[in-house]
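Chains B and D supply the protein sequences, listed in that same order.
Letter 52 of the first sequence, counting from 1, is numbered 52 in this note's numbering, and no numbers are missing.
Letter 134 of the second sequence, counting from 1, is numbered 1134 in this note's numbering, and no numbers are missing.
Glycine residues also receive a C-beta, built at the ideal position from the N, C-alpha and C atoms.
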Amino acid sequence: MDSPSSFEHQLGTLLPRLRRFAHALSRDAADADDLTQSTLERALRSKWQWQPGTRLDSWAYRIMRNLWIDTARSRSRKAKLEAPPEEASVVGTDPRGAMDAAIDLGRMMAAMQHLPDDQREVVALILIEGFGYREVCEMLDLPMGTVSSRLVRGRMRLLAMVGEQ
Amino acid sequence: MTIADERFFAWLDGELPPEEAASVETEVARSPELTRAAQEHRAMQAQLKAAFDTIAEAPVPQGLPAANVINFAADQRRRGSRRWGSSMQWAAIAATLALGVLTGTMISPLRSGPVDVRDGKLYAAADLNDALDKELASAPAAGAPVSIGITFRDQSGAICRTFTNAQSSGLACRDGERWQLRGLFAAPEGQRSAYRMAGSADPNLAALVDSTMAGDPLDAAEERAAKAGKWR
Chain B
1 MDSPSSFEHQ
11 LGTLLPRLRR
21 FAHALSRDAA
31 DADDLTQSTL
41 ERALRSKWQW
51 QPGTRLDSWA
61 YRIMRNLWID
71 TARSRSRKAK
81 LEAPPEEASV
91 VGTDPRGAMD
101 AAIDLGRMMA
111 AMQHLPDDQR
121 EVVALILIEG
131 FGYREVCEML
141 DLPMGTVSSR
151 LVRGRMRLLA
161 MVGEQ
Chain D
1001 MTIADERFFA
1011 WLDGELPPEE
1021 AASVETEVAR
1031 SPELTRAAQE
1041 HRAMQAQLKA
1051 AFDTIAEAPV
1061 PQGLPAANVI
1071 NFAADQRRRG
1081 SRRWGSSMQW
1091 AAIAATLALG
1101 VLTGTMISPL
1111 RSGPVDVRDG
1121 KLYAAADLND
1131 ALDKELASAP
1141 AAGAPVSIGI
1151 TFRDQSGAIC
1161 RTFTNAQSSG
1171 LACRDGERWQ
1181 LRGLFAAPEG
1191 QRSAYRMAGS
1201 ADPNLAALVD
1211 STMAGDPLDA
1221 AEERAAKAGK
1231 WR
């Protein structure tokens, strides 16, 4: 059961990466850990649906992304309507002063929150998690053109918010 | 956004084939504006990655019960927490089954078909029956036409097993000496290979299993023992 090749063990080694992805999607650390927790629960319960020989990481990321959509998408749509994200409104006035890692994480999470959901997930998967374009297309069931245009828009917007001048 | 932007970023992300990458690289080198954009975006990504990497490098907080996934699985077993089986879900499953997604090839007048009809009940036959009788999910036979997913007991204590072949997936439970089909779901037309590649099971089957299963799936040793006991 806990041999290095077991499902549980492999899922355990993915945990730090899944938490990172959860932080990139979520509003704050508490939401991110809730999302991580429910992803693990769902993955354990759905263990039998994973086909050995296919990538466990893509499978687990996909579970997290779907759970995030279920719980957060409606809320964030509403938030978008109420407060259309304005570039540079989140990050304070002195990006150069905020290079300390802890502060930087808070800043980056805030900036990610100002991306529309569909751009945020693509930015997180490609720029933070390091997946290739094609892997992300498969994971999200999207055509290449859609993934690549969301990535362009998302990263331009991020640069406008957090980039050094 | 223009195609040119997408091409520029695909180059930046190392997603272009070598010849095309070389040509974009030349373009960028010639343009101070593009060179600056490349630097800014690289710096931004490095900053973004460094910020979020602090999470991946940090120890998983104590407050997260799943910190040890294995212990967590054990905890969950103790708590017996299953959130499925709501009446809504039952209704959805019943509707799915009533629609009848049996494919024509599954019920065949020939004895070699994988499904037999007896007294109005559907039973596994031929290859499917053999696979359900003999295969172990923990030791899959190479090249077998039917593969077994999980084995578990339903609320009445009968052994149930999920199976998949090229066209469909389903659930069969022990009824005396035979395997009665509880559900059979065809993979959507045209999505079969992508479906299998994605490593996911049919959501209808997943819902059916969740509502049928009592306790947890059998592990490898329990599965072997159940086979030795003729799946009783």
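At a CB-CB cut-off below 7 Å, which residues of chain B make contact with residue i?
| i | result |
| --- | --- |
| Thr1026(D) | Simply none; closest approach about 21 Å. |
| Asp1005(D) | Val152 |
| Pro1217(D) | Trp48 |
| Thr1162(D) | Trp48 |
| Ile1159(D) | Going along chain B, no residue has its Cβ under 7 Å from Ile1159(D), so there is no contact; the nearest lies around 15 Å. |
For the beta strand (DSSP E) containing residue i, list its first residue and its last residue.
| i | result |
| --- | --- |
| Ser1168(D) | Ser1168 to Asp1175 |
| Ala1186(D) | Arg1178 to Ala1186 |
| Asp1116(D) | Val1115 to Arg1118 |
Counting only Cβ pairs nearer than 7 Å, list the residues of chain D close to residue i.
| i | result |
| --- | --- |
| Ile69(B) | Neighbours of Ile69(B) on chain D: none; closest Cβ ~15 Å, over 7 Å. |
| Ser26(B) | Those do not exist, as Ser26(B) stays about 11 Å from chain D at its closest Cβ, beyond 7 Å. |
| His114(B) | The contacting residues do not exist; His114(B) stays about 13 Å from chain D at best. |
Applying the criterion that 16 or more other CB atoms from any shown protein chain within 10 Å of the CB defines a buried residue, is residue i buried or exposed?
| i | result |
| --- | --- |
| Thr1026(D) | exposed |
| Pro1203(D) | exposed |
| Gln1039(D) | exposed |
| Ser1112(D) | Low per-residue confidence applies at Ser1112(D): pLDDT is 48, beneath 50, and the placement is therefore not dependable enough to give any value. |
| Gln119(B) | buried |
| Arg134(B) | exposed |
| Thr13(B) | exposed |
| Val1117(D) | exposed |
What does DSSP give as the partner residues of residue i in its beta bridges?
| i | result |
| --- | --- |
| Ser1147(D) | Thr1164(D) |
| Pro52(B) | Thr54(B) |
| Met1213(D) | Asp1154(D) |
| Leu1122(D) | Val1117(D) |
| Thr1159(D) | The question names Thr, but residue 1159(D) is Ile in the sequence shown. Answer is Arg1153(D). |
| Leu140(B) | Leu140(B) pairs with nothing; no bridge assigned. |
| Leu1205(D) | DSSP output for Leu1205(D) lists no bridge partner at all. |
Interface residues of chain B around residue i at Cβ under 8 Å?
| i | result |
| --- | --- |
| Gly1143(D) | Those do not exist, as Gly1143(D) stays about 14 Å from chain B at its closest Cβ, beyond 8 Å. |
| Phe1009(D) | Ser148, Leu151, Val152 and Arg155 |
How far does the alpha helix (DSSP H) with residue i in it extend, from its first residue to its last?
| i | result |
| --- | --- |
| Val1028(D) | Pro1018 to Arg1030 |
| Gly154(B) | Met144 to Val162 |
| Phe7(B) | Phe7 to Leu25 |
| Lys1227(D) | Ala1220 to Ala1228 |
| Thr36(B) | Ala29 to Arg45 |
| Val123(B) | Asp117 to Val123 |
Going along chain B in order, which residues have a C-beta closer than 9 Å to the C-beta of residue i?
| i | result |
| --- | --- |
| Asp1013(D) | Ile126, Leu127, Gly132, Tyr133 and Leu151 |
Tell me, please, whether the CB atom of residue i is closer than 7 Å to any CB atom in chain E?
| i | result |
| --- | --- |
| Gln1045(D) | Going by chain labels, chain E is absent from the structure shown, which instead holds the protein chains B and D. |
So with CB distances below 8 Å, who are the chain D contacts of residue i?
| i | result |
| --- | --- |
| Met64(B) | By Cβ distance, chain D contributes nothing, its closest Cβ being about 12 Å from Met64(B), past 8 Å. |
| Arg20(B) | Phe1052, Asp1053, Ile1055 and Ala1056 |
message = Contact between the region 144-152 of chain B and the region 1025-1043 of chain D is defined here as three or more beta-carbon pairs at a separation below 8 Å; is this criterion met?
response = no
key: Validate contact between the region 46-55 of chain B and the region 27-38 of chain B using beta carbons, cut 8 Å, 3 pairs   = no
ask   = Using 8 Å as the Cβ pair cut-off and three pairs as the minimum, do the region 1211-1222 of chain D and the region 1142-1153 of chain D touch?
value = yes
request  = Determine contact between the region 1048-1063 of chain D and the region 135-147 of chain B, defined as no fewer than three beta-carbon pairs at a distance below 8 Å.
outcome  = no
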